[in-house]
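Let me begin by presenting the structure, written as structure tokens, before commenting on it.
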Amino acid sequence: MLLVFCRNATRSNMKKLLPLLLFPFFSIAQNVNDSTIKGDFSITGNIKGLPDSTMVFLARPGQPSDVLATTYAQKGKFNLFGKVVDGDIYQLNFIGFPDQPDVFLTPAKINVTGDVKTLKKLVFTGSTAQNDYQSYTLKFNALKDRLANLAGVINKTPESRKRDSLINIFEKNKQKVLEQVDLFVKAKPASPVTPFIIYVTSPVDNNVNGLENRYSALLPAAKETFYGREIAKLLASSKIGMEGTQAIDFTQNDTANNPVSLSSFKGKYVLVDFWASWCGPCRHENPAVVAAYNQYKDKNFTILSVSLDQNKDKWKQAILADNLTWTHVSDLKYWQNEVAQLYHIQSIPANMLIDPSGKIIARDLRGEALSETLGKLLNK
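Following this note's numbering, the numbering of the sequence shown begins with 3 at its first residue and continues without gaps.
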């Protein structure tokens, strides 16, 4: 997830342009115990010039020890077979030869032909998924390389009109990527390759709504693939802390080392306030929070502050100095605070208002907005 740009205290000033992961063209580790879409596959090869007794094997990209099938070639021919757990990318490896052609493996009978001198140009037939994957790489590789090159140039260019111009070009190329993704989704909503494409290009958009729209356009078969399920998990994670969702419970210790849970406040309106003693904007905001608390603390409202401090003494001193007379918790892990991590907090001050049922009904209420919102809810 990209860090949020804001004027407040953030984890990074983000001076450099992030490479957006540049949608890596390789698989991610799957759980081998996953039994969805398990089935038989075979790859029958006939490669001109392949020496006798050459070991041929299928393995995950970058994971040569994760071998799915192994055989030896005779007279240029070989046969690999086994069971595949869900559709994913593997590589054909030929011992003694550096090129490793990709195969988007699904339960299918695949034939592969070509010449040992041009292993990257092998011809695969018999697999619709492999055809879809090759169509994807043909369309996206050039765009990926273009984005990577632009990111490299931009990161080396100082702030200037030239850099601004390069960033505009970068953004236009990002849009070209997303346009191709949308075209692929529209053309092949049932293909197991389509959720893979959506997943690996999602950092380019970094937009939950865009990701959800593309996922919604998939047919059920594609949603049930490994990458379809990964997208569903990503969407669920991205929605944590959003308005209209149920707040996830957490427990941290207060200043006296007593555990306090968010759920213990159920039945009240609760403002979960993320701050730190070292955060200037947070300390500047505290008087408005204090005023709101004093005005509504007797009307079924309270505050639970989560501190991103590291030093307990400074944390406690700030609480006293700013007259923050409500409950405070922290694990003293700075930006690695587990509650902040849970709710994807990337800048402070930050807050979320939770209703008596545990639903998040507002986010990041600042200054008068906090008192005004509470007034509408509680002055009835």
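Think of the CB as a built atom: it goes at the ideal place given N, C-alpha and C, for glycine as much as any other residue.
This structure is a prediction, so every number in the text was calculated from the model and none was measured.
Skipping 5 residues on each side, what residues in its chain have a beta carbon closer than 7 Å to that of residue i?
i: residue 24; result: With a pLDDT of only 43 at residue 24, under the threshold of 50, the placement of this residue in the model should not be trusted; the figure read from the coordinates follows. For residue 24, where only same-chain residues beyond five positions count, the Cβ hits under 7 Å are 146, 149 and 150.
i: residue 330; result: 256, 257, 307, 309 and 321
i: residue 303; result: 270, 271, 376 and 380
i: residue 248; result: 360 and 361
i: residue 223; result: 192
i: residue 243; result: 345, 346, 354 and 362
i: residue 253; result: 261, 262 and 263
i: residue 199; result: 138, 183 and 186
i: residue 267; result: 304 and 306
i: residue 295; result: 305 and 328
i: residue 350; result: 10, 11, 276, 277, 278, 281, 284 and 310
i: residue 297; result: 373
i: residue 195; result: 106, 131, 134, 135 and 138
i: residue 214; result: 237
i: residue 84; result: 43, 70 and 71
Can you check which of these residues, the options, is closest to residue i by C-alpha distance?
i: residue 52; options: 379, 62, 239 and 96; result: 96
i: residue 203; options: 193, 179 and 173; result: 179
i: residue 345; options: 357, 212, 185 and 362; result: 362
i: residue 130; options: 248, 193, 283 and 261; result: 193
i: residue 104; options: 172, 63, 289 and 343; result: 63
i: residue 246; options: 365, 65, 84 and 132; result: 365
i: residue 250; options: 352, 177, 342 and 60; result: 342
i: residue 188; options: 317, 221, 259 and 367; result: 221
i: residue 326; options: 299, 313 and 336; result: 299
i: residue 205; options: 215, 176 and 196; result: 176
i: residue 334; options: 316, 112, 235 and 50; result: 316
i: residue 279; options: 67, 313 and 273; result: 313
i: residue 80; options: 68, 49 and 99; result: 49
i: residue 92; options: 82, 76, 328 and 107; result: 107
i: residue 173; options: 133, 208, 141 and 234; result: 208
i: residue 337; options: 155, 167 and 281; result: 281
i: residue 292; options: 340, 228, 236 and 372; result: 372
i: residue 197; options: 161, 76 and 237; result: 237
i: residue 382; options: 301, 340 and 99; result: 301
i: residue 190; options: 318, 166, 212 and 217; result: 217
i: residue 118; options: 75, 83 and 88; result: 75
Identify every residue that forms a DSSP beta bridge with residue i.
i: residue 59; result: 72 and 95
i: residue 44; result: 83 and 111
i: residue 258; result: DSSP lists no partner for residue 258.
i: residue 148; result: Note: residue 148 sits in no beta bridge, so no partner.
i: residue 361; result: 248
i: residue 356; result: 272 and 362
i: residue 106; result: 91
i: residue 193; result: Per DSSP, none; premise fails for residue 193.
i: residue 378; result: DSSP output for residue 378 lists no bridge partner at all.
i: residue 49; result: 116
i: residue 263; result: 253
Between residue i and residue j, which are expected to be in contact by the criterion C-beta below 8 Å, what is the C-beta distance as a whole number of angstroms?
i: residue 125; j: residue 45; result: Contact doesn't hold; Cβ gap of about 13 Å is too wide.
i: residue 101; j: residue 122; result: 5 Å
i: residue 285; j: residue 324; result: 7 Å
i: residue 86; j: residue 43; result: 5 Å
i: residue 168; j: residue 155; result: 6 Å
Who are the Cβ neighbours of residue i in its own chain at under 6 Å, not counting the five residues just before and after it?
i: residue 33; result: Any reading at residue 33 must be qualified, since the residue scores a pLDDT of 42, below 50, and its modelled position is unreliable; the value itself is stated next. So the list is empty, once near-sequence residues are dropped.
i: residue 240; result: 210
i: residue 163; result: none
i: residue 47; result: 80 and 114
i: residue 201; result: 229, 232 and 233
i: residue 265; result: 251
For residue i, verify whether its CB is less than 8 Å away from any heavy atom of the ligand SAM.
i: residue 120; result: The ligand SAM is absent from the structure shown, which contains no ligands of any kind.
Can you name, in chain order, every residue of its own chain whose Cβ lies under 8 Å from the Cβ of residue i, other than the five neighbours on each side?
i: residue 369; result: 287 and 290
i: residue 378; result: none
i: residue 61; result: 67, 68, 69, 70, 92, 93 and 95
i: residue 367; result: 273, 353, 355 and 375
i: residue 128; result: 110, 111, 112 and 113
i: residue 77; result: 54
i: residue 358; result: 268, 269, 270, 271 and 302
- Message: Please give the ranges of any beta strand (DSSP E) in the stretch 266-343, keeping only runs that are unbroken, at least 3 residues long and fully inside the region.
- Response: 271-277, 303-309 and 329-331
- Item | Uninterrupted beta strand (DSSP E) stretches inside the stretch 114-186 (no shorter than 3 residues) | 125-127
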